[in-house]
DNA sequence: CGTCTATTTGAATGTACTCAAAAGCGGTGG
DNA sequence: CCACCGCTTTTGAGTACATTCAAATAGACG
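Protein chains in written order, with the numbering used here: chain A, 1 to 194; chain B, 1 to 194.
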């Protein structure tokens with residue numbers, strides 16, 4: 001069933017009875033996205049969080065010189081959203097796109113708030129999810145400040161072995177904060193040395 | 001009173017009656033720290049979140065080459081902790097120190113969990129606090145990837161006008177991700193140009 | 001005052017970027 | 001099934017932004 005993955009994801013942190021599960025599922029809106037389709041364009045208000053059940057999405061921003069910066073990858077079993085926009089109701093700064101044909105479950109902020117009221121355990125669930133994201137986000141800041149590009153790349157490979165093979169190199173380059181050209185040179189240097 | 005600031009901080013997101021306020025306050029442990037005192041050493045387990053009532057703390061990591069990287073500043077009315085360590089119970093990667101003589105209110109993770117159970121509203125409070133931190137943290141990643149050092153510095157001045165004057169330049173340099181030497185040159189270049 | 005740390009200045013260097021162009025690769029249509 | 005088109009990756013030359021190391025100067029605190 002399509003909802004198995006998300007229910008297992010939720011049950012890592014809180015325990016639901018079947019009424020609660022059913023209610024939760026009733027709030028979710030399944031959606032398919034084909035390769036390269038946008039789930040969110042910069043400038044729109046982001047009204048949903050997306051849980052990925054199949055495929056992979058990614059979020060990126062565009063700077064004032066037109067450079068694209070990949071902020072996050074969301075393979076199956078991950079959540080993705082422009083949290084800034086979701087929280088504030090202001091236009092998103094991020095674009096969210098499907099890297100491959102993908103399927104997601106959308107949870108609107110409105111329904112999420114209902115959920116918090118009807119099943120307060122979910123307040124806890126999302127607190128924990130976001131705590132973990134914050135830890136990861138802070139670690140990424142530390143890594144960007146203290147590691148070389150090569151070390152950041154090795155780290156990326158260790159942490160996301162699946163992604164390393166399946167996403168275009170230029171997206172990995174962008175994620176670790178270097179240009180695709182430099183990334184290519186770095187890789188050939190790395191393989192030459194060992 | 002010493003607890004006014006934290007109660008006003010809490011009331012930005014949830015509403016407490018006086019019994020709840022009193023209970024909350026009873027969980028807090030006031031602590032003074034003199035200039036340069038450590039509240040947390042890297043390697044220790046971080047068991048508390050600290051709310052700053054007076055003064056200013058900062059958190060930094062040390063990389064394998066001995067370089068220090070300021071991760072966050074916490075002036076009055078802010079929270080600070082090594083969240084990674086608090087959540088996981090593993091040794092902290094961060095050091096937390098007082099920049100000036102400061103006063104904080106400590107909330108241990110254990111008591112925080114009690115609090116979540118006895119007054120579930122606090123689950124909501126901390127979710128919101130952490131959501132905001134995550135947004136800020138992601139924005140910092142974006143800025144580090146897309147802005148020049150000079151732009152990051154201007155941004156820093158806009159966002160933390162108070163800190164700009166009161167913390168040593170080398171800490172600002174570290175926070176925005178450059179060396180103190182380059183920071184100094186950059187500043188003189190900036191003032192020469194305008 | 002004197003000491004210690006923070007800041008400034010300078011010269012040499014390195015890491016990563018830009019721009020340009022070639023090569024590779026995948027998907028699509030004839 | 002092959003040829004072509006567009007996009008990704010590679011390669012190279014020149015450059016810029018920021019670093020390192022060393023030393024001088026300035027500030028803060030006891």
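Glycine included, C-beta positions come from ideal geometry on N, C-alpha and C.
No experiment lies behind these values; they were computed from the predicted model shown.
Residues of chain B with CB under 7 Å from residue i, in chain order?
i: residue 126 of chain A; result: 127
Against residue i, what residues of chain B qualify as contacts under a CB-to-CB distance less than 8 Å, listed in chain order?
i: residue 120 of chain A; result: 120 and 123
i: residue 67 of chain A; result: 146
i: residue 71 of chain A; result: 138, 141 and 142
Can you tell me which of the options puts its alpha carbon nearest to the alpha carbon of residue i?
i: residue 14 of chain A; options: A:189, A:76, A:173 and A:121; result: A:121
i: residue 76 of chain B; options: B:49, B:102 and B:171; result: B:102
i: residue 36 of chain B; options: B:58, B:174, B:17 and B:178; result: B:58
i: residue 197 of chain B; options: B:108, B:132 and B:73; result: No statement about residue 197 of chain B is possible, as the shown extent of chain B runs from 1 to 194 and does not include it.
i: residue 149 of chain B; options: B:176, B:5 and B:137; result: B:176
i: residue 97 of chain A; options: A:38, A:178 and A:172; result: A:38
i: residue 128 of chain A; options: A:11, A:189 and A:50; result: A:11
i: residue 43 of chain B; options: B:181, B:90, B:56 and B:18; result: B:90
i: residue 138 of chain B; options: A:182, A:147, A:71 and A:192; result: A:71
i: residue 51 of chain B; options: B:164, B:84 and B:105; result: B:105
i: residue 195 of chain B; options: B:111, B:184 and B:108; result: Coverage of chain B is limited to positions 1 through 194, which leaves residue 195 of chain B absent and any answer about it impossible.
i: residue 45 of chain B; options: B:94, B:182 and B:153; result: B:94
i: residue 40 of chain A; options: A:27, A:17, A:60 and A:54; result: A:60
i: residue 56 of chain B; options: B:47, B:84 and B:100; result: B:100
i: residue 179 of chain B; options: A:107, A:156, A:86 and A:146; result: A:146
i: residue 5 of chain A; options: A:26, A:17, A:54 and A:48; result: A:54
i: residue 109 of chain B; options: B:18, B:27, B:192 and B:135; result: B:27
Give the secondary structure of residue i by DSSP, where H, G and I count as helix, E and B as strand, and everything else as coil.
i: residue 58 of chain B; result: strand
i: residue 178 of chain A; result: coil
i: residue 34 of chain B; result: coil
i: residue 171 of chain A; result: helix
i: residue 132 of chain A; result: helix
i: residue 10 of chain B; result: helix
i: residue 144 of chain B; result: helix
i: residue 116 of chain B; result: helix
i: residue 27 of chain B; result: coil
i: residue 163 of chain B; result: helix
i: residue 3 of chain B; result: coil
i: residue 110 of chain A; result: helix
i: residue 98 of chain A; result: strand
i: residue 16 of chain A; result: coil
i: residue 74 of chain B; result: strand
i: residue 103 of chain A; result: strand
i: residue 149 of chain B; result: helix
i: residue 44 of chain A; result: coil
So with CB distances below 9 Å, who are the chain A contacts of residue i?
i: residue 63 of chain B; result: 142, 145, 146 and 147
Less than 6 Å separating the Cβ of residue i from some heavy atom of the ligand PLP?
i: residue 162 of chain A; result: In terms of ligand content, the structure shown is empty, and the ligand PLP therefore cannot be addressed.
Legend entry - Residues from the region 125-151 of chain A in contact with chain B, defined by Cβ distance under 8 Å: 126, 127, 130, 131, 132, 133, 134, 135, 137, 138, 139, 140, 141, 142, 144, 145, 146 and 147
Inset, instruction - Determine which residues of the region 76-89 of chain A have a Cβ less than 7 Å from any Cβ of chain B, and write them out in chain order. - result: 83, 84 and 87
Inset, instruction - Kindly confirm or deny that the region 24-39 of chain A and the region 138-149 of chain A touch, where touching means at least three C-beta pairs closer than 8 Å. - result: no
Legend entry - the region 65-72 of chain A / the region 100-116 of chain A touching (three or more Cβ pairs under 8 Å): no
Inset, instruction - Please list the residues of the region 173-186 of chain A that have a C-beta atom closer than 7 Å to any C-beta atom in chain B, keeping them in chain order. - result: 177
Inset, instruction - Mind the definition here: the region 80-100 of chain A touches the region 8-27 of chain A only if three or more C-beta pairs lie below 8 Å; say whether that holds. - result: no
Legend entry - At least 3 beta-carbon pairs within less than 8 Å: the region 157-174 of chain B vs the region 171-188 of chain A: no
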